[in-house]
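Residue numbers (this note's numbering): 4 to 416. Glycine included, each C-beta is placed from N, C-alpha and C at the ideal position. First comes the structure, then the notes that go with it.
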Amino acid sequence: MTDFHDLPSADGLWTHLRLAPEALGAGHAGMTDAALIVRDGQLVWVGARRDLPEVASGVSRHDGAGALVTPGLIDCHTHLVYGGQRANEFAMRLTGAGYEEIARAGGGIVSSVHATRAASEDALYALALPRLRSLLEEGVCAIEIKSGYGLALEHERKQLRVARRLGQDLGVTVRTTFLGAHALPPDYVGRSQDYIDLVCHEMMPALAAEGLVDAVDVFCERIGFSLAETEQVFQAARSLGLPVKLHAEQLSDMGGAALAARYGALSCDHIEHLSAAGIAAMKAAGSVAVLLPGAYYFLRDTHLPPIEALRAAGVPMAVSTDHNPGTSPALSLLLMLNMACTVFRLTVPEALAGATRHAAQALGLQKTHGTLAAGQAANFVLWPIDDVSELAYWLGQRPACRVVRQGRIAVSS
Ligand code: NIG
Ligand code: FE
């Protein structure tokens, strides 16, 4: 494999581009005959070709060949690093078992915990590598990766270290999220408070000190952690200066989103059972609603998230794979765009903003990622397609694309 740093530089002038809707910001309708300039891995100019400033004659020229350009895609909610798989539970659910029932019987997240604990750091890296590659092939330039299948300091560390290594080796922005409060580990059954103390006072400070934690998440649910326990984790995160996000109201309305909003959460994710009060709180706090249609589909959920109310309230909506072995073994963000449109009734521009600008906001990366604008990192995708809808159209096929990631031409398919 070519080392990322040996890939050709994208520095220079790019012409013959069409900018996709939303590419330049909220409500932007798109642009024909656009150009952009990359210098030292950053976008330094984006706009209509007729407004192009004078460019020195020695500067490299890149012909966009009329491609539609989007910002690099961002997958803002994944559990990409884990051992094993759970196809058996998928089969069990098809014959009537429920997700919560399987979890209560010792399967579910805990089953992935056993497989993850048994795997070495290198083994986890080898398993996660092709997953990440498949996302990168279709234009992903930044990704969030959560821990939460270790549930003990050394194993959570192992997951987060793999996430960091993947980012460095593949030249992709990785934001790590500590999800120590994902499930009660088997060795703590009946001692939930002891485990929360461990998460807050030992695991989180140690991993944060090692530079492995960009944000903190909790699974606030009947089969996860209570509202009071979630708040303890948020307080610990606040005392370390770490932003929070939440797996909220996926299976029931626990009031998690309103709590997360009180802690200024970057995002509340899943939110199928989100209440009107939760929406208002998220709007006031500026939290992003991360929609995860893969998990909704895979669990054969029927309770739709309140899309129309989120839209009416002006809460930014992101779309992500939620890649994980239990509820969403999905490795295509474009397929999630399709599902966000067909199942959740987003428009194509809304779905695209959900995988670019709003996804960046859900990770606190909006200053450098998610739009095509001077000052942003050079992450963009050239799609040889006529209409932006094609990005959310194919099922099981990737449109060809050229991907510029961290200022290098990283994919040419
Ligand atoms: O985002 N809901 C909790 N966490 C994951 C699923 C984890 C699992 O089942 O392994 C999710 O759906
Ligand atoms: Fe998740």
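Whole-angstrom C-beta distance between residue j and residue i, which should lie under 8 Å
i: LEU132; j: ASP78; result: At roughly 15 Å, the Cβ-Cβ gap does not stay under 8 Å, so LEU132 and ASP78 are not in contact.
i: ARG401; j: VAL414; result: Contact doesn't hold; Cβ gap of about 10 Å is too wide.
i: PHE7; j: LEU173; result: 6 Å
i: HIS372; j: ALA26; result: Not confirmed; about 13 Å, so no contact.
i: VAL116; j: PRO56; result: Wrong, their Cβ atoms sit about 55 Å apart, outside the cutoff.
i: MET34; j: ARG21; result: 7 Å
i: GLY317; j: ILE112; result: Not quite, the Cβ-Cβ distance comes to about 34 Å (not below 8 Å), so this is no contact.
Residue i burial status per 10 Å Cβ neighbour count (16 or more: buried)
i: GLN171; result: exposed
i: ASP197; result: exposed
i: ARG419; result: The chain is shown from 4 up to 416; residue 419 falls before or after that span and cannot be answered.
i: ARG160; result: buried
i: GLY244; result: exposed
i: ALA356; result: buried
i: ARG64; result: exposed
i: ASN327; result: buried
i: ARG194; result: exposed
i: SER242; result: exposed
i: ASP217; result: buried
i: VAL72; result: buried
i: ALA90; result: exposed
i: LYS149; result: buried
i: GLU157; result: exposed
Test item: CB-CB of residue i and residue j under 8 Å
i: ALA38; j: GLY50; result: yes
i: LEU340; j: ALA358; result: yes
i: VAL351; j: VAL291; result: no
i: ASP272; j: HIS306; result: no
i: GLU147; j: ARG178; result: yes
i: ALA118; j: GLY87; result: yes
i: VAL407; j: ALA70; result: no
i: LEU375; j: PRO24; result: no
i: GLY297; j: SER270; result: no
i: VAL219; j: THR176; result: no
i: LEU10; j: ARG411; result: yes
i: ALA239; j: MET207; result: yes
i: GLY427; j: ALA288; result: Nothing about residue 427 can be read from this structure; the chain reaches only from 4 to 416.
i: GLU141; j: LEU337; result: yes
i: ASP66; j: HIS19; result: yes
i: VAL221; j: ALA184; result: yes
i: ILE388; j: LEU349; result: no
i: GLN45; j: ALA381; result: yes
i: SER323; j: LEU295; result: yes
- Message: Three Cβ pairs or more, each shorter than 8 Å: is that satisfied between the segment 221–235 and the segment 251–268?
- Response: yes
- Can you find at least 3 beta carbon pairs, one from the segment 355–369 and one from the segment 71–87, that sit closer than 8 Å? yes
- Examine the Cβ distances between the segment 231–241 and the segment 272–288 and report whether three or more of them are shorter than 8 Å. Too few Cβ pairs lie closer than 8 Å, so no.
- Any chance you could list the beta strand (DSSP E) runs of at least 3 consecutive residues sitting entirely within the segment 233–318, in chain order? 248–251, 270–273 and 291–294
- Task: Run through the segment 122–151 for me and flag every whole alpha helix (DSSP H) of 4 or more residues, listed as ranges in chain order.
- Result: 124–140
- Message: Please give the ranges of any beta strand (DSSP E) in the segment 157–240, keeping only runs that are unbroken, at least 3 residues long and fully inside the region.
- Response: 176–184 and 218–221
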